[in-house]
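Below: the structure, in structure tokens.
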Amino acid sequence: MNAPVSIDVLKQHLIDPEICIRCNTCEETCPIDAITHDENNYVVKADTCNGCMACVPPCPTGAIDNWRTLLRADAYGVDEQLTWDVLPTQGAVPAATVATENAEAGDVIEPGPQTDTVRGSTVPPWSAAKPYVNLYTHKAPTTATVVGNYRLTDATTDSAIHHIVLDFGATPFPVLEGQSIGILPPGVSADGRVHHARQYSIASPRDGERPGYNNVSLTVKRVVQDHDGNATAGVCSNYLCDLKKGDVVNVIGPFGGTFLMPNHPNSHLLMICTGTGSAPMRAMTEYRRRRRLKGATGKLMLFFGARTKEELPYFGPLTNLPKDFIDTNLAFSRTPKQPKRYVQDAMRERAPDVAQLLKDDNTHIYVCGLKGMEDGVLQALKEIAEGQGLDWDVLWQRLRKEGRLHLETY
Ligand code: NAP
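If you read the sequence shown in the UniProt record's numbering, its first letter stands for residue 1, the second for the next number, and so on.
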């Protein structure tokens, strides 16, 4: 018998550095820590990856879905992958490939089933519009002109959050609420490489920041500190916040095919966000506000957290929205002489109303903002559901499978 020796052949999982927007989603999703990164690239460890596909559906660009069939002994190492600017082409496929491992370059690899390691949905709502993704890439970006840039947060606060409007003129750039774009900042990093793109959620609805115009808005916080509180100047956020009207920026995208809003008129939106994570919620709310007159009847409930009222982007316009249109709940964590309050505290205070939404199959949940909020929000949802006699584990699985629980935290 000349049975093929499967152990010699590897379908190696690779990430395309030309498309990857370094959003960290794959590394966070991987259940076995097979993905790592440096300041240059995100890469997959060939000796750890088991091809479970958990990372594939959540990737907003599809950069993750690349495979090369080669002898295991020839697998590309992590150090080598970290230096890549482009993926190597598929060489001759080794003959001793067994049926399950014989993907050819260019094969379409279908996303695997939703795995238990993914906490949110990896499918869009059933009634979401079909998104365009990757129309413009690192290799072939497009440009947009700045038509507006103003600070949203009070000048007395340290937190400078800007609302930036980019116009694409006659260049097609179709977007949906919940999608993001990549900005390519000019210049090079310390090691002389061009900067990779930074991802920002779109804060405007599909028909434009100004209805009927080919423009989008972004919500950008000027980064002046790293995660440890040390002074640093964020490359792209400072570039964006300093832009003037008429400046031209390089843009890639759009990205994202799952964090999308439902379009059936009786769908409810339960939106939970912190800080600049409000960008997609603003887009969805504004779309529903514009569509309201055209028959949307679903409820909108928003939980929005910020340090103080002065640091909450869009505070003024938000508080002016009619109460019968959106049920807004704000949580401030650093108001002088007030106890710290997070979005999950506000959710617990509104438990009966949140539970009412959880019981409704038309409810879609969106969570966006700080990574740290994800655990707290899921815990609050669990407590609220169980307080009303709902089996959270069953409900959670259904929400995920039905494209009704979307998490985007960084
Ligand atoms: P921030 O001002 O640092 O924090 C916003 C609020 O969240 C503060 O009240 C903060 O409280 C609170 N918070 C901290 N830990 C929390 C937890 N475990 N649970 C609940 N609330 C918590 O926020 P930011 O600087 O605007 O950051 C927003 C995040 O959204 C960033 O990570 C950003 O990457 C992400 N994001 C941005 C976009 C975009 O388009 N710009 C899109 C998606 C996501 P404390 O007083 O305790 O700090």
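Built from N, CA and C at the ideal position, the CB exists for glycine as well.
| Query | Result |
| --- | --- |
| Specify the secondary structure class of Gln199 as computed by DSSP and reduced to three states. | strand |
| Quick check: the Cα distance between Val147 and Lys244, rounded to an integer number of angstroms? | 8 Å |
| Only counting runs of 4 or more residues, tell me where the alpha helix (DSSP H) segments fall wholly within the segment 2 to 75, in order along the chain. | 25 to 29 |
| Quick one: give me the first and last residue of the alpha helix (DSSP H) that Thr319 is part of. | 315 to 319 |
| Give me the Cα-Cα distance between Tyr76 and Ser267, rounded to the nearest whole angstrom. | 47 Å |
| Using 7 Å as the cut-off, classify the Cβ of Thr335 as near or not near the heavy atoms of ligand 1, replying yes or no. | no |
| Tell me whether Gln388 sits in a helix, a strand or coil according to DSSP, three-state version. | coil |
| Does the separation of the CB atoms of Leu357 and Gly120 fall below 8 Å? | no |
| In whole angstroms, what separates the C-alpha of Glu110 from that of Cys55? | A caution first: Glu110 carries a pLDDT of 38, below 50, which makes its placement in the model too unreliable to give a value. |
| Consider the C-beta atom of Met373 and the heavy atoms of ligand 1; say whether any pair is separated by less than 7 Å. | yes |
| Note down the Cα distance separating Leu390 from Gln379, rounded to an integer number of angstroms. | 14 Å |
| Please state whether DSSP places Gln225 in a helix, a strand or coil. | strand |
| Are there any heavy atoms of ligand 1 lying less than 7 Å away from the beta-carbon of Lys221, as far as the coordinates show? | yes |
| How about Gly376: is its Cβ closer than 7 Å to a heavy atom in ligand 1? | yes |
| What are the partner residues of Arg151, as DSSP defines its beta bridges? | His162 |
| Would the C-beta of Thr274 count as close to ligand 1, meaning under 7 Å from any of its heavy atoms? | yes |
| Taking the alpha carbon of Ile19 as the reference point, which residue from Thr409, Gly182, Tyr200, Thr308 has its own alpha carbon closest? | Gly182 |
| Tell me whether Thr285 is buried or exposed, calling it buried when 16 or more other Cβ atoms sit within 10 Å of its Cβ. | buried |
| Give the DSSP-derived three-state secondary structure of Leu184 in the structure shown. | strand |
| Closer than 8 Å is the cut-off here; do at least three beta carbon pairs connect the segment 212 to 225 with the segment 154 to 167? | yes |
| With three or more C-beta pairs closer than 8 Å as the rule, is the segment 29 to 46 touching the segment 198 to 210? | no |
| The alpha helix (DSSP H) that contains Asn238, what's its start and end? | 235 to 241 |
| With respect to the alpha helix (DSSP H) encompassing Asp353, which residues constitute its N-terminal and C-terminal limits? | 351 to 358 |
| Do the CB positions of residue 412 and Gly91 come within less than 8 Å of each other? | Summary: the structure shown does not reach residue 412, with the chain confined to residues 1 through 410, and so no result is reported for it. |
| Who are Ser217's beta bridge partners in DSSP? | Val165 |
| Which residue's Cα is closest to the Cα of Pro17: Thr61, Pro211, Asp8, Lys11? | Thr61 |
| Who does Gly253 pair with in a DSSP beta bridge? | Tyr136 |
| Under a three-way DSSP split, which group does Met261 fall into? | coil |
| Suppose you measure from the CA of Met281 to the CA of Cys273; what does that come to, to the nearest Å? | 8 Å |
| Does Thr319 pass the burial test, meaning 16 or more other C-beta atoms within 10 Å, or should it be called exposed? | exposed |
| Kindly examine ligand 1 and report whether one of its heavy atoms sits closer than 7 Å to the Cβ of Val343. | yes |
| Assuming Ala351 contacts Ile384 under a Cβ cut-off of 8 Å, what Cβ separation, rounded to an integer in Å, is found between them? | 5 Å |
| Using the three-state DSSP reduction, which class does Tyr366 fall into: helix, strand or coil? | strand |
| Using a threshold of 8 Å, state whether the C-beta atoms of Thr171 and Thr153 are closer than that. | no |
| Between which residues of its own chain and Ala233 is the CB-CB distance below 8 Å, once the five residues before and five after are set aside? | Val223, Val224 |
| For Gln12, count neighbouring Cβ atoms within 10 angstroms of its own Cβ and tell me buried if that reaches 16, exposed if not. | buried |
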